[in-house]
Amino acid sequence: AQSVAQPEDQVNVAEGNPLTVKCTYSVSGNPYLFWYVQYPNRGLQFLLKYITGDNLVKGSYGFEAEFNKSQTSFHLKKPSALVSDSALYFCAVRDTAGGSQGNLIFGKGTKLSVKP
Amino acid sequence: GAGVSQSPSNKVTEKGKDVELRCDPISGHTALYWYRQRLGQGLEFLIYFQGNSAPDKSGLPSDRFSAERTGESVSTLTIQRTQQEDSAVYLCASRPGLAGVEQYFGPGTRLTVT
Numbered sequence: 001a002q003s004v005a006q007p008e009d010q011v012n013v014a015e016g017n018p019l020t021v022k023c024t025y026s027v028s029g030n031p032y033l034f035w036y037v038q039y040p041n042r043g044l045q046f047l048l049k050y051i052t053g054d055n056l057v058k059g060s061y062g063f064e065a066e067f068n069k070s071q072t073s074f075h076l077k078k079p080s081a082l083v084s085d086s087a088l089y090f091c092a093v094r095d096t097a098g099g100s101q102g103n104l105i106f107g108k109g110t111k112l113s114v115k116p
Numbered sequence: 001g002a003g004v005s006q007s008p009s010n011k012v013t014e015k016g017k018d019v020e021l022r023c024d025p026i027s028g029h030t031a032l033y034w035y036r037q038r039l040g041q042g043l044e045f046l047i048y049f050q051g052n053s054a055p056d057k058s059g060l061p062s063d064r065f066s067a068e069r070t071g072e073s074v075s076t077l078t079i080q081r082t083q084q085e086d087s088a089v090y091l092c093a094s095r096p097g098l099a100g101v102e103q104y105f106g107p108g109t110r111l112t113v114t
């Protein structure tokens, strides 16, 4: 079955330090991978995606993610965390079982807390 | 430009009542999705519309749930005879159709069934 796992419910980082939010996936065929961020009482905002090409993809707000096919991972990273990065982060993979409909399978989310 | 909008932002209803949630997608987006987000959980896919094709209802949890979309515009999600387990945030997303892959989400409707 296709799935996304975010093994950490919460990640705590000091401001200015690098951050990593982990994601692994299981999908048949070539994966389309996404990261979204959710601020309190807001909808999800698209951060970045991987479809093909370079394994390191850059997105909004200084975030990047590294696709690793052998480890079936797509970890989200940022070199220097900001307090304003504190939010809920979701990893998602496009469901390939449904043809071209493109609905997403989401992980349970990781709460990122950046302390000053 | 204008993003995906949803209304109401919050809805409190009594168990057994029907509710209707509305989604206005980004203009020109042919694909529209509804998801449910329970507290502390990821998003669960509910239903998908693509243009004038028959919707994919495979994610709807019961026959109390239904959704409609007129052409490529507004969609409504209806929950009949609401139950407490229906309490969640209902999120709508749209994308530009077959050419686009990322989905753009609305702010959601927080439904509380008392």
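Top line first, the protein sequences correspond to chains A and B.
The numbering of the first sequence is my numbering, which starts it at 1 and goes up by one.
The numbering of the second sequence is my numbering, which starts it at 1 and goes up by one.
We put the beta carbon where it would ideally sit given N, CA and C, even for glycine.
Could you tell me whether any Cβ in chain B is nearer than 9 Å to the Cβ of residue i?
{"i": "A/Q2", "result": "no"}
{"i": "A/L56", "result": "no"}
{"i": "A/G107", "result": "yes"}
{"i": "A/L76", "result": "no"}
{"i": "A/F46", "result": "yes"}
{"i": "A/A163", "result": "An answer regarding residue 163 of chain A cannot be provided, because it is not within the stretch 1 to 116 covered by chain A."}
{"i": "A/L19", "result": "no"}
{"i": "A/Y25", "result": "no"}
{"i": "A/A92", "result": "yes"}
Would you say residue i lies against chain A (beta-carbon separation less than 9 Å)?
{"i": "B/A93", "result": "yes"}
{"i": "B/V74", "result": "no"}
{"i": "B/A67", "result": "no"}
{"i": "B/V101", "result": "yes"}
{"i": "B/P8", "result": "no"}
{"i": "B/P107", "result": "yes"}
{"i": "B/L39", "result": "no"}
{"i": "B/A54", "result": "no"}
{"i": "B/V12", "result": "no"}
Checking 9 Å against the spacing of the C-beta atoms, do residue i and residue j come in under that value?
{"i": "A/L117", "j": "A/Y89", "result": "Because chain A in this structure spans residues 1 to 116, residue 117 of chain A falls outside the shown range and cannot be described."}
{"i": "B/Y90", "j": "B/L39", "result": "no"}
{"i": "A/F106", "j": "B/Y33", "result": "no"}
{"i": "A/S26", "j": "A/Q45", "result": "no"}
Assuming residue i contacts residue j (C-beta within less than 8 Å), just tell me the rounded distance between them.
{"i": "A/Q6", "j": "A/T110", "result": "5 Å"}
{"i": "B/L46", "j": "B/Q37", "result": "With 8 Å as the limit, B/L46 and B/Q37 do not qualify as a contact, their Cβ atoms being about 11 Å apart."}
{"i": "B/T109", "j": "B/S9", "result": "6 Å"}
{"i": "B/D24", "j": "B/Q80", "result": "In fact, because the Cβ distance is near 22 Å, the residues do not count as touching under 8 Å."}
{"i": "B/V74", "j": "A/Y32", "result": "Actually they do not touch by this definition, with Cβ atoms about 27 Å apart."}
{"i": "B/T82", "j": "B/V113", "result": "5 Å"}
{"i": "A/A92", "j": "A/Y36", "result": "7 Å"}
From the DSSP output, in three-state form, read off residue i for me.
{"i": "B/E68", "result": "strand"}
{"i": "B/E14", "result": "coil"}
{"i": "A/S84", "result": "helix"}
{"i": "B/E85", "result": "helix"}
{"i": "B/L60", "result": "coil"}
{"i": "A/D9", "result": "coil"}
{"i": "B/D24", "result": "strand"}
{"i": "B/Q50", "result": "strand"}
{"i": "A/A1", "result": "coil"}
{"i": "B/E44", "result": "strand"}
{"i": "A/H75", "result": "strand"}
{"i": "B/R95", "result": "strand"}
{"i": "A/K111", "result": "strand"}
{"i": "B/T76", "result": "strand"}
{"i": "A/C23", "result": "coil"}
{"i": "A/L104", "result": "strand"}
Should residue i be counted as a contact of the ligand ADP given a C-beta to heavy atom distance under 8 Å?
{"i": "B/D56", "result": "Looking at this structure, you won't find the ligand ADP or any other ligand, since it has none at all."}
Note down, one range per segment and in chain order, each beta strand (DSSP E) of at least 3 residues found wholly within the region 29-65 of chain A.
The region 29-65 of chain A is shown to contain whole beta strand (DSSP E) runs of 3 or more residues at 33-38, 44-50, 56-58, in chain order.
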